[in-house]
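Numbering (our numbering), first residue to last: 1 to 187.
Cβ atoms here follow ideal geometry from the backbone N, Cα and C, with glycine treated the same way.
None of the values given here were measured: they were computed from a predicted structure.
Working notes, structure below.
Quick look at the structure:
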């Protein structure tokens, strides 16, 4: 992973399946969360959460599936009053400009970081394509945390961030145990 000054951690929820199944049912995006992190100063600059109103469907009176409500805790009435995806994306673009990291406005470098590829490739790119919403070029380059973790630790596919933490704890435990064994052999 390249060492750029800023990370934008990017997360989406859909009206249907989320978690490992995010995007598999092609439901519309209903939540966008992003965090701007300054690597040079090791601090979170800002966190934003936006609800997104899906386009209405003639077939459904409800916007969120029961599974979505249970998993995310989102409120259907709040979602129905939210701005559409295009406006939320414009707000994200303004956020990047205001924080001085927008690449087209002389900003410092940043990269997008996602937990898996589904947030961008299965959800955002597909939905914007269906709705004819143009996406800025920075949405086409990102780091997949799971992929980078797997590459670094040479593990099998990782199912969750919790699994990554467990793996790191195990690796550190094994390393500590090895160092203790070597120290005991020297005695």
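If you follow the alpha helix (DSSP H) that residue i is part of, which residue opens it and which one closes it?
i           : result
residue 125 : 125-130
residue 150 : 145-153
Would you decide whether residue i is buried or exposed? Buried here means 16 or more other CB atoms lie within 10 Å of its CB.
i           : result
residue 116 : buried
residue 13  : buried
residue 114 : buried
residue 54  : buried
residue 146 : buried
residue 166 : exposed
residue 44  : exposed
residue 64  : buried
Hey, does residue i have any beta-carbon neighbour from chain D nearer than 9 angstroms?
i          : result
residue 95 : The displayed structure is made up of one protein chain only, and chain D is not part of it.
Please return the same chain residues whose Cβ sits closer than 6 angstroms to the Cβ of residue i, not counting the five positions on each side in sequence.
i           : result
residue 187 : Per-residue confidence for residue 187 stands at a pLDDT of 49, beneath the threshold of 50, marking its modelled position as unreliable; the derived number appears in the next sentence. Nothing listed; no residue qualifies.
residue 50  : 32 and 88
residue 37  : 7 and 44
residue 270 : Nothing can be reported for residue 270, as the shown portion of the chain is limited to 1 through 187.
Could you check which residue in the options has the C-alpha nearest to that of residue i?
i           : options               : result
residue 76  : 15, 126, 93 and 10    : 15
residue 52  : 36, 42, 64 and 31     : 31
residue 68  : 82, 17, 125 and 91    : 17
residue 22  : 148, 138 and 121      : 121
residue 70  : 102, 98, 19 and 93    : 19
residue 47  : 9, 62 and 83          : 9
residue 123 : 91, 140 and 6         : 140
residue 137 : 152, 150, 110 and 131 : 110
residue 5   : 131, 135, 112 and 152 : 112
residue 34  : 41, 99 and 40         : 99
residue 142 : 154, 152, 118 and 158 : 118
Grab the span of the beta strand (DSSP E) containing residue i for me, first residue to last.
i          : result
residue 78 : From DSSP, residue 78 is part of no beta strand (DSSP E) but of the alpha helix (DSSP H) over 76-80.
residue 7  : 6-14
Apart from the five residues just before and just after residue i, which ones in its own chain have a Cβ nearer than 7 angstroms to its Cβ?
i           : result
residue 127 : 28, 29 and 85
residue 133 : 85, 86 and 89
residue 25  : 16 and 17
residue 105 : 97
residue 80  : 53 and 63
For residue i, which residues of its own chain have a beta-carbon under 8 angstroms away from its beta-carbon, when the five flanking residues on both sides are left out?
i           : result
residue 156 : 150
> For the region 34-118, which segments carrying the beta strand (DSSP E) assignment without a break, of at least 3 residues, lie completely within its bounds, in sequence order?
Replying inline: Within the region 34-118, complete beta strand (DSSP E) segments of at least 3 residues are found at 43-51 and 110-114, given in chain order.
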